[in-house]
Amino acid sequence: MRALLRFPVAAAFASLLVAPAVAAQGGSMRDVVYEASISELQDGLQRGRWSAVQLVDAYRARIAAYDQRGPALNAIIRLNPNARRDAAALDAERKAGKVRGALHGIPILLKDNFDTFDLPTAAGSLALAGVQPPDDGFVVARLRAAGAVILGKTNMHELAAGITSVSSLGGQTRNPYDPMRCPGGSSGGTGAAIAASFAAVGWGSDTCGSIRIPSAFNNLVGLRPTQGMASRDGIVPLSHTQDTPGPLARSVRDLAIALDVTVGFDPADTTTAIAKGRSPSAFSDSLAAFPMRGTRVAVLTNYMTGDIDPDIRDTVRAVTTAMQAAGADVVELRVADFDSLMANTSVINFETNHDLQDYLKAIPGAPQLTARLILDRGLFHTSMMGRITAMDTTGVRDSERYRTALARQQLLRSRMLAAMDSLRVDAIAYPTSRRRPVLVGEPQPGSTCGLSAHTGFPALSAPAGFTDDGLPVGIEFMGRPGADVRLVGLAYALERMGPRRAAPSTTPRLRGARAPGAIAFRQAVTHGAVTGTVRFVFDPLTNLLRYDVVVSGGSSDALQAVVLRRPAGGAIGSPVIHRLAGPGMRTASGVFPLTGIDRRALAAGRLQLAIFTAGGMGEVPMRAVTLP
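Just so you know, the sequence shown maps onto residues 1469 to 2096 in the numbering used here.
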């Protein structure tokens, strides 16, 4: 293992996004990996129902169907060409009676800033394209030793310096719950991929929200460990003070299994001394150790007021109310002068330029880059202009501003620990993001990431539910330093109260090795002598509804509009969700995306097709449409 902050060597960039057919004994393998847990996959391996090679093929089939086609999530930046070979070797070990543990033969994904000896590591940046590490970082080495199969690497926000997951090397990753929206970041590729069942579990890094935000936006559970609990060795640095790796998973049990493998002491990263003596199964053991009853949680009201999406506020409140009903003590915490306390506590811009240079210098033959050189050569996505400029102009590690930021972090730690002590709470709860995922290309507001990142305290994001339009909401629990295990136990107790996860609709179970196709249907509506006949084609993978309207009968000026409406309930009339044809139109065509709520209404037969004429209105309920 090399020393902390080493960086890979340049090598040729190659895209490997061609997935083979799903092979299995006796023919095509059904989509057994869809929403499957590590324990379920491991049970099938032990019983001989499938092999690790077959699991690799099954995940590759889903990637082929949904990453570049279908909703085109663009979550995978490169596949591992040796994954099937590695899986076959692990299958042979199992046949010989050797099983390394819970991850033996289980395909996993890594963010593109994790060093791997057999795959380039570029942090999503053209500036680092093809850079090849000479060996694995600490986390990756642990995963291989545990028998995990590295399926590939995921796209990320360039250099981990943002939360919308767009990069010059990987492009824009999309959210599987709404492909028009971003998946969070910077570990957005991992978040989208795990939500879409492209692997059993994935790894990201968190400098300020980069595990937790994509967990929230993709209906996952993700932990930012206590600073020093997990080694930074072999991870492209953004800020050595704030960087930490961690897993993103569909369930708390999967998260615990992943943490047990990768959290621990690493001589190459002295901050991990706090992890010495940890039980090898501490996180898995915690799943039964911390019941909800008796747990004491404080809701941080500073993050529950002001510029917060009402849907998110109400969803998080509903979770804390349910926790209270289940026996938890829930209190409220309002920190005085919170905004001023949080101000100027980030050290990212002071450290990135120097940390990246140190990382590169440690690798023979690596490109020696600075923020200025990246700017001068144009090796960055346009959205990164401001961030890289800030890295170039702010990055003076021995400056008074840097020392002040470090001192303010210490003040923040002291204040938050004192607040937790005064209320005797196990954790502080608040929304992972105060705003829902933005449309692709827009800046993402609403992050609450700095509280954990600038204190170094552990924080876990768990699924809280959904907005009215079907977008995931995350609730974050921040614990005391070193209380990572207790946070995972709390998340498991919450999960057992009732599932708040639902798989994304745009990446359903494959049918054989194929994704479900589009669904076509017709509907007609009449008022008086005027009839509107509409042919609809709905693509369940993109949520796009195409339509062709033909209007017959009546005079040319009789028609006012043909529209789709959504019943509002109560005394409120049905609002229009889309105009299909306007005044005097005899034909019309178009396409528009359905929101989550309208997709569900379509499936349930709760949309209405209406025609308005000079003489009044006609309306018919749309028939229910069976969706995958």
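By construction, the Cβ of each residue, glycine as well, lies at the ideal position given by its N, Cα and C atoms.
Can you pull the DSSP bridge partners for residue i?
i, result
"H1995", "V1998"
"N1581", "Answer is none; N1581 lacks a bridge partner."
"A2029", "F2080"
"T2055", "V2018"
"R1649", "L1907"
"F1713", "Residue identity check: residue 1713 is Pro in the sequence provided, not Phe. S1673."
"S1915", "S1901"
"D1777", "DSSP lists no partner for D1777."
"S1635", "G1639"
"R1498", "The partner list for R1498 (beta bridge, DSSP) is empty, contrary to what the question assumes."
"E1626", "Answer by DSSP bridge pairing: none, since E1626 is not bridged."
"D1937", "For D1937, which the question treats as bridged, DSSP gives no partner whatsoever."
"I1896", "A1766, M1946"
"D2007", "L2012"
Does residue i come out as helix, strand or coil in the three-state DSSP assignment?
i, result
"E1503", "coil"
"R2034", "coil"
"K1621", "strand"
"T1641", "coil"
"T1589", "coil"
"A1793", "helix"
"Q1510", "helix"
"R1537", "coil"
"R1979", "strand"
"E2087", "strand"
"I1842", "helix"
"G1657", "helix"
"A1766", "strand"
"I1662", "helix"
"V1490", "Per-residue confidence for V1490 stands at a pLDDT of 40, beneath the threshold of 50, marking its modelled position as unreliable; no derived number is given."
"A1560", "helix"
"D1734", "strand"
When the distance is taken between beta carbons, is residue j closer than 8 Å to residue i?
i, j, result
"G1985", "R2067", "no"
"V1765", "D1894", "yes"
"G1653", "I1631", "yes"
"L1446", "F1758", "For the chain, the structure presents residues 1469 to 2096; residue 1446 sits outside this window and is missing."
"V1419", "F1685", "No answer is possible for residue 1419: it lies beyond the span of the chain, which begins at 1469 and ends at 2096."
"S1754", "A1724", "yes"
"P2061", "M1648", "yes"
"S2042", "R2034", "yes"
"N1643", "I1544", "no"
"D1603", "R1612", "no"
"N1542", "G1639", "yes"
"A1921", "T1694", "no"
"M2090", "G2073", "yes"
"G1714", "R1746", "no"
Hey, quick one: how far does the alpha helix (DSSP H) through residue i stretch, first residue to last?
i, result
"I1725", "1720-1730"
"I1856", "1853-1862"
"I2065", "2064-2072"
"Q1522", "1520-1534"
"P1748", "It is not in any alpha helix (DSSP H) - P1748 carries neither H nor E in the DSSP assignment."
"V1607", "1606-1613"
"M1888", "1868-1891"
"R1546", "Per DSSP, R1546 belongs to no alpha helix (DSSP H); it is in the beta strand (DSSP E), 1544-1547."
"V1803", "No alpha helix (DSSP H) contains V1803, which DSSP labels as neither H nor E."
"A1961", "1952-1964"
"R1681", "The displayed chain sequence assigns Ile, not Arg, to residue 1681. Segment 1680-1685, the alpha helix (DSSP H) holding I1681."
If you compare alpha carbons, which of the options is closest to residue i?
i, options, result
"S1519", "E1503, A1543, A1556", "A1556"
"T2010", "F1818, T1999, V2017, T2063", "T2063"
"Q1510", "R1553, Q1912, A1668, G1639", "A1668"
"S1683", "G1696, H1572, E2087, C1650", "C1650"
"T1783", "N1821, P1693, E1944", "E1944"
"L1587", "V1815, A1609, L1547, M1791", "L1547"
"V2017", "G2052, D1889, G1657, P2008", "G2052"
"P1905", "T1935, A1609, E1626", "T1935"
"G1516", "I1531, R1537, R1562", "R1562"
"F1585", "F1606, G2000, R2003", "F1606"
"G1521", "R1553, E1508, R2014", "Per the sequence shown, the amino acid found at residue 1521 is Val instead of Gly. Taking only the C-alpha atoms, the option nearest V1521 is R1553."
Just reading off the beta strand (DSSP E) that residue i is part of, what are its end residues?
i, result
"V2046", "Checking the sequence shown, residue 2046 turns out to be His, not Val. 2044-2049 is the span of the beta strand (DSSP E), which, as asked, contains H2046."
"A2078", "2076-2081"
"M1810", "From DSSP, M1810 is part of no beta strand (DSSP E) but of the alpha helix (DSSP H) over 1806-1810."
"L1847", "It is not in any beta strand (DSSP E) - L1847 carries neither H nor E in the DSSP assignment."
"F1934", "1927-1934"
"F1818", "No beta strand (DSSP E) holds F1818; the alpha helix (DSSP H) holding it covers 1816-1829."
"R1692", "1689-1692"
"I1943", "1940-1947"
If you measure from the CB of residue i, is any heavy atom of the ligand FAD nearer than 7 Å?
i, result
"I1681", "The ligand FAD is not part of the structure shown, which contains no ligands of any sort."
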